[in-house]
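Using our numbering, read the sequence shown as starting at 20 and increasing by one per residue.
Built from N, CA and C at the ideal position, the CB exists for glycine as well.
Here's the structure, in structure tokens; my notes come after.
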Amino acid sequence: MTPPLSGTTRSGHALLIQGGIPLAGEVEVSGAKNAALPLLAASLLARDPVTLHRVPRIVDVEVLLAILEHLGTRWSWTGPSSLTLHTPELVSVFPPPALVLRMRASFELLGPILGREGEAELTFPGGCRLGPRPIDQHIRAMRAIGVHVTEIEGSVTAAYRQPLAGRVRFQIRTVGGTRNAIMAATLNATEVVLENASTEPEVLALVDFLNQLGARIFVTGDTITVCGVGALSGGEYNVIPDRMEAGTYLLAAAATRGRVTLHGVEPTHLAPVVDQLWRAGASVKLVAPGTLEMDARSRALSPLFVTAEPYPGFPTDLHPQMAAFLATVPGESRIVDRVFPQRTAYLPELARLGARLTWESDLADFRIGGGPLSGGEAHVTDLRAGGALVIAALAATGTSAIAGIEHLERGYQDLERKLATLGATLSLKA
Ligand code: EPZ
């Protein structure tokens, strides 16, 4: 099954949003895109069936399932968000480039294919509007643990003969680089030690999943040790809640001065966002296990200085959405992104909706705020930029037309339905 070309049914459409309506109501948060994708890739390491629950129904999942099918995986939806995958044997070690190029996360197939078969070949993933997205740390780590890696115009070939072993210190915290090395070493390694490893929730969820299938992976601070186990059993696993989706709804409610309740969240993962909302003057309470209530009605909100950093810092994937919220707050806020310093392509689009920006360089270090936002036309440059523009449109006076909504379908399940449930007035315009 080849997925729709990222929402072809709707690409070219614009989302019309009537602004100025405070969001109110309750929504359920879906499973995390950035946890589900690596778990789908990691399922290649098991010869027996694996069932994942709370898998978001989004385009990126459809694309990865299409790639896995080419590799020999049989899969089926066994519930609204439950997916069973079975790869009795890999029929290829070379995922189809046309599909790989549609999504950077597909580069995390390198580790599991290599781990299962001892060899792999992958096309370089595309960069995107976040700036250059090199893979030097992936390759450096693989080589350090005994993988022979060659880079030939646009693709990477990797192979190893002896069990993997060695210690490597990442020169930069990399989610994908850490996960690729873990998956490469899970089956056939004596001992691999990864230092300065990423410990984002979406990395630790992969470790937990693999250990549930019989792997031996140990996390101590930012050091991850992998001891190979030869084979993994099948099993079941629940995908963790999507902290980026949850944060987007919290910030949308704050930007519209509304009150929303989110069900199915993991509060600890949202602590960096909740902390900033409290500092701004909103009220965020845990009203039941997994249920957060955010109230920004008639609150005098204050500007913030937010720095995006690796977890437990404020997440880079919520920096654009935070900018949209802070654009509505009196005074001058400042945002710095230390993970993707060039994550700025969305700023001119935010300015088209009235955001007041002071921005000296082409780096993501800018001042924003003072409101009010005014409805207009804007174009989505990438998934999280889309979240920011939707928030700005919801907060603006008047109607906005947000084009490029196929980006939104990559990572937000049922976005329009959930926003309508919260009282937003929106429609599609061809
Ligand atoms: C993951 O991307 C997420 N994607 C991203 O979410 C997220 O923004 C990012 O981690 C945050 O760290 C998935 O999980 C599918 P990185 P990843 O390797 O792994 C530099 C979204 O919208 N770097 O942690 O690709 C890199 O340039 C997406 O859901 C190197 O220099 O990110 C960046 O500055 C966007 N060399 C920093 O490290 C490398 O070899 C963090 O990148 C690898 C990365």
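Which whole-angstrom value describes the C-beta separation of residue i and residue j, a residue pair presumed to lie in contact below a C-beta threshold of 8 Å?
i, j, result
"Ala-55", "Gly-253", "So it is not a contact: roughly 17 Å between Cβ atoms."
"Leu-413", "Thr-326", "Actually they are not in contact, since the Cβ atoms of Leu-413 and Thr-326 sit about 25 Å apart, beyond 8 Å."
"Val-168", "Ile-154", "The Cβ separation is near 10 Å, so there is no contact."
"Pro-99", "Asp-261", "About 16 Å; that fails the 8 Å criterion."
"Gly-405", "Val-348", "Wrong, their Cβ atoms sit about 21 Å apart, outside the cutoff."
"Val-82", "Met-122", "5 Å"
"Val-194", "Glu-219", "5 Å"
Would residue i and residue j qualify as a contact pair, given that the criterion is a beta-carbon distance under 8 Å?
i, j, result
"Ile-164", "Ala-124", "no"
"Ala-290", "Val-279", "no"
"Val-226", "Ile-236", "yes"
"Leu-87", "Trp-94", "yes"
"Met-161", "Ala-60", "no"
"Ser-62", "Gln-432", "no"
Per DSSP, which one or two residues make a beta bridge with residue i?
i, result
"Asp-384", "Val-355"
"Ser-111", "Looking at the DSSP assignment, Ser-111 forms no beta bridge with any residue, so it has no partner."
"Met-202", "Met-202 is not bridged to any residue."
"Phe-189", "Note: Phe-189 sits in no beta bridge, so no partner."
"Val-10", "Because the chain is modelled from 20 through 449, residue 10 falls outside the range shown and cannot be assessed."
"Ile-36", "Ser-419 and Leu-445"
"Ser-174", "Thr-142 and Ile-171"
"Val-82", "Looking at the DSSP assignment, Val-82 forms no beta bridge with any residue, so it has no partner."
"His-72", "Asn-257"
"Trp-96", "Leu-102"
"Asp-314", "Arg-278 and Ser-302"
What residues in its chain sit with their C-beta under 7 Å from that of residue i, if we drop five residues either side in the sequence?
i, result
"Phe-113", "Glu-140"
"Val-358", "Ala-327, Glu-328, Pro-329 and Thr-335"
Determine the closest residue to residue i out of the options, with distance taken between C-alpha atoms.
i, options, result
"Asp-14", "Arg-436, Gly-233, Ser-49 and Thr-363", "Nothing can be reported for residue 14, as the shown portion of the chain is limited to 20 through 449."
"Gly-423", "Gly-39, Gly-388 and Arg-403", "Arg-403"
"Thr-106", "Arg-135, Asn-215 and Glu-127", "Arg-135"
"Leu-296", "Pro-349, Leu-323 and Pro-339", "Leu-323"
"Pro-339", "Pro-329, Gly-39 and Met-263", "Met-263"
"Ala-346", "Gln-231, Phe-143, Val-409 and Gly-137", "Val-409"
"His-288", "Thr-416, Tyr-330, Asn-257 and Glu-396", "Tyr-330"
"Leu-366", "Thr-239, His-72, Ala-397 and Val-248", "Ala-397"
"Ser-317", "Leu-35, Pro-41, Gln-37 and Ala-342", "Pro-41"
"Pro-68", "Leu-84, Leu-102 and Val-119", "Leu-102"
Identify, in the order they occur along the chain, each residue of the same chain with its Cβ nearer than 8 Å to the Cβ of residue i, setting aside the five sequence neighbours on each side.
i, result
"Thr-440", "Gly-44, Glu-45 and Val-46"
"Gly-137", "Ala-178, Tyr-179, Arg-180 and Asn-207"
Between which residues of its own chain and residue i is the CB-CB distance below 6 Å, once the five residues before and five after are set aside?
i, result
"Asp-314", "Arg-278 and Ser-302"
"Ile-243", "Leu-213 and Ala-216"
"Ala-449", "His-32"
"Pro-57", "Glu-127, Arg-198 and Leu-225"
"Thr-27", "Confidence is the limiting factor: at Thr-27 the pLDDT is only 46, short of 50, which leaves the residue's position unreliable and the question unanswerable from this model."
"Leu-427", "Gly-405 and Leu-434"
"Leu-320", "Ala-299, Gly-300 and Val-348"
"Asn-53", "Glu-221"
"Gly-266", "Val-292 and Leu-337"
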